[in-house]
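Visitor: Quick note on numbering: UniProt numbering labels position 11 of the sequence shown as 11, and the sequence is numbered without any gaps.
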Amino acid sequence: MQNERRNGDRYCFHLDLQPKGELTLFVDGRILSVWKLVDISPFGTGLSIHESLDAGSNVSLQYLDDNGEIQVSGTVAWSDLENSQEEGEGYRVGIQFSRKTMSLNVAIFKAVTDFPTDYHRCAA
Numbered sequence: 001m002q003n004e005r006r007n008g009d010r011y012c013f014h015l016d017l018q019p020k021g022e023l024t025l026f027v028d029g030r031i032l033s034v035w036k037l038v039d040i041s042p043f044g045t046g047l048s049i050h051e052s053l054d055a056g057s058n059v060s061l062q063y064l065d066d067n068g069e070i071q072v073s074g075t076v077a078w079s080d081l082e083n084s085q086e087e088g089e090g091y092r093v094g095i096q097f098s099r100k101t102m103s104l105n106v107a108i109f110k111a112v113t114d115f116p117t118d119y120h121r122c123a124a
């Protein structure tokens with residue numbers, strides 16, 4: 001289990017109720033599909049993907065929907081095997097968004113959480 005290093009509230013998502021847009025992760029010239037958004041805040045996100053990433057890797061996360069595209073940069077804080085009982089196998093990664101682009105961080109957070117669904121504030 002990872003040490004808690006979050007700054008502020010985050011919002012959790014259920015597997016069957018994901019954002020309407022598409023999330024794509026870019027790392028080291030590779031394009032990785034995000035099969036699950038676990039949680040998000042303006043400071044970072046938790047994602048499920050199909051491969052492990054090295055902590056410290058620089059990444060970009062893109063969100064694309066009918067309203068356009070938002071891309072933020074960040075750093076992989078941690079990566080572990082998926083430990084849930086939900087469908088899919090792979091890795092859960094924690095990404096800390098760059099503080100230099102806070103307006104974009106807030107924009108992606110609002111775009112992902114600004115629709116009626118069953119996301120909720122995560123427990124501390």
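Backbone N, C-alpha and C define an ideal beta-carbon position, used for all residues, glycine too.
Quick test of your reading: Thr-101 and Ser-73, contact by CB under 8 Å. State the CB separation rounded to the nearest angstrom.
Guide: Sure, about 6 Å apart at Cβ, within 8 Å.
Visitor: Leaving out the 5 sequence neighbours to the left and right, which residues in its chain are closer than 7 Å to Met-1 when beta-carbon positions are compared?
Guide: Unreliable positioning characterises Met-1 in this predicted model, as indicated by a pLDDT of 42, which lies under 50. A coordinate reading is not provided.
Visitor: CA-CA distance, Phe-43 and Glu-22?
Guide: Straight-line Cα distance between these residues: approximately 20 Å.
Visitor: Under the three-state reduction of DSSP, which class applies to Ser-103: helix, strand or coil?
Guide: It is helical.
Visitor: In three-state terms, what does DSSP make of His-50?
Guide: Coil.
Visitor: List the residues that DSSP assigns as beta-bridge partners of Glu-69.
Guide: The partner list for Glu-69 (beta bridge, DSSP) reads Leu-64.
Visitor: Inspect the beta-carbon positions of Val-76 and Val-93 and report whether they are closer than 8 Å.
Guide: Cβ distance < 8 Å, so Val-76 and Val-93 count as in contact.
Visitor: Decide if Ile-31 is buried, meaning its Cβ has at least 16 other Cβ atoms within 10 Å, or exposed.
Guide: The residue is exposed, with fewer than 16 neighbouring Cβ atoms inside 10 Å.
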